[in-house]
Amino acid sequence: MINDISHGPVALVTGASGGIGGAICRRLVADGYRLAVTDIVAGPLDAIVEEFGADRAVAFVADLLDEEAVTGLPARVHEEFGRLDVLVNNAGVRKITPFDQLPSAEWRTTLEIDLVAPALLAANALPLMLAQGGGRIVNIASFAGLSAVRGRAAYGAAKAGLISLTKAIALEFGAQGVRVNAIAPGIIETAMTSHVFASAELQRHVAEVVPNGRPGTPDDIADAVSFLASDRSDYVNGVVLPVDGGWLAGQGAARL
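Take any residue in the sequence shown, note its place counting from 1, add 532, and you have its number in the numbering used here.
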């Protein structure tokens, strides 16, 4: 059944209930998008739908470790809205574990959620986008995919793979109107981590390693998504955009 609002582009955002995911949703709604929001539990998604209204957002509960749920999600969104213009692969999992202590289960879970699920979502969104003449895929990667960070071997490997995947899809489908780019957030302060950033020691550290002198915010990431999802970025394809206040310019990650 097609959603009552029959105009406006449609964006599918994974990990929508997190701090960055929520900011992305708010920015895209402000840009005129209708949203398909997904996460692993219903409660936070229901709050998003309530915030924006059922005519602007529809919730899809999905476990990214469930291949059938992942591969079928783009078609469910298309069935609901009649189109799919933008896919934002934002969901992810990250643990800090020394490499020699990484259990195989953690490797598999991290790779499945941070790399395999985005790949499957993109693969199943592409035919829908191609039938419309094009679309946008924005992958939320990480500075850890560009510069190694202690204790994050699995996470960094998955995000490096996501960056490579971004370039591969852009290369194969750019001529058909699909733009695929990645964002590599740096140090980002969210509501869940604000207590950590209250530390005077961490504030001094951020001021030392980040040229902008502050941690990033979810809105900083949302602004970048807004640009890459729009026609303003039509000639931007296959790139990785660090949103890190200049941190990586000075090899900040190596100093963690």
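Even for Gly, the Cβ is constructed at its ideal location relative to N, Cα and C.
*asked:* When you measure from the CB of Val768 to every non-hydrogen atom of the ligand NAD, does any distance come out below 6 Å?
replied: In the structure on display, the ligand NAD does not appear, and there are no ligands present to speak of.
_I need the DSSP call for Val738, collapsed to helix, strand or coil._
DSSP places Val738 in the helix class (H, G or I) of the three-state scheme.
*For Gly553, which residues from the same chain have a beta carbon less than 7 Å from its beta carbon, with the 5 sequence-adjacent residues on both sides left out?*
Val545, Gly547, Asn622
*Please look up how many angstroms separate the CB atoms of Glu511 and Val590, rounded, as I've assumed it's under 8 Å.*
Absent from the structure is residue 511, since the part of the chain shown begins at 533 and ends at 788.
*Could you work out which residue in His539, Asp587, Leu577, Ala651 is closest to Asp617 when comparing CA atoms only?*
Relative to Asp617, the option among His539, Asp587, Leu577, Ala651 whose CA is nearest is His539.
*Tell me which same chain residues have a C-beta within less than 7 Å of the C-beta of Asp595, skipping the five on either side of it?*
Ile572, Ala601
*Which of helix, strand or coil does DSSP assign to Gly554?*
helix
*Quick one: is Gln735 near chain C, going by C-beta distance under 7 Å?*
The structure shown has no chain C; it contains just one protein chain.
*Would you please state the rounded distance, in angstroms, between the beta carbons of Ala739 and Gly748? I believe it to be under 8 Å.*
About 14 Å separates the two Cβ atoms, so there is no contact after all.
*Count the other CB atoms within 10 Å of the CB of Arg736; is the residue buried (16 or more) or exposed (fewer)?*
Exposed: under 16 other Cβ atoms inside 10 Å.
*Pick helix, strand or coil for Asn621, following the three-state DSSP scheme.*
strand
*Of the choices Val741, Val710, Arg626, whose alpha-carbon is the least far from that of Gly665?*
Val710
*Check whether the Cβ atoms of Ala555 and Pro750 lie closer than 7 Å to each other.*
A contact, by the Cβ cut-off of 7 Å.
*Over the uninterrupted beta strand (DSSP E) stretch that includes Leu773, give me the two end residues.*
772-775
*What first and last residue would you give for the beta strand (DSSP E) that runs through Asn769?*
Per DSSP, Asn769 belongs to no beta strand (DSSP E) and is neither H nor E.
*Buried or exposed (CB count within 10 angstroms, at least 16 for buried), Glu721*: buried
_According to DSSP, simplified to helix, strand and coil, what is Ala781?_
In the structure shown, Ala781 adopts helical secondary structure according to DSSP, grouped into three states.
*Outcome for Tyr687 when other beta-carbon atoms lying within 10 angstroms are tallied against a minimum of 16*: buried
*How would you call Ser777, buried or exposed, if buried means at least 16 neighbouring beta carbons within 10 angstroms?*
The sequence given here places Gly at residue 777; Ser does not occur at that position. Its Cβ being crowded by 16 or more others within 10 Å, Gly777 is buried.
*asked:* Starting from Ile715, trace the beta strand (DSSP E) in both directions and tell me its first and last residue.
replied: 710-717
*CB of Ala663 within 7 Å of CB of Ala714, strictly*: no
*Tell me whether Ile534 is buried or exposed, calling it buried when 16 or more other Cβ atoms sit within 10 Å of its Cβ.*
Any answer about Ile534 is weak, because its pLDDT of 44 lies below 50 and its placement is not dependable; what the coordinates show is given next. Around the C-beta of Ile534, fewer than 16 other C-beta atoms lie within 10 Å, and the residue is accordingly described as exposed.
*asked:* Does the contact criterion of 3 or more C-beta pairs under 8 Å hold for the stretch 752-764 versus the stretch 557-568?
replied: yes
*Between which two residues does the beta strand (DSSP E) harbouring Asn671 extend?*
Note, Asn671: beta strand (DSSP E), 667-672.
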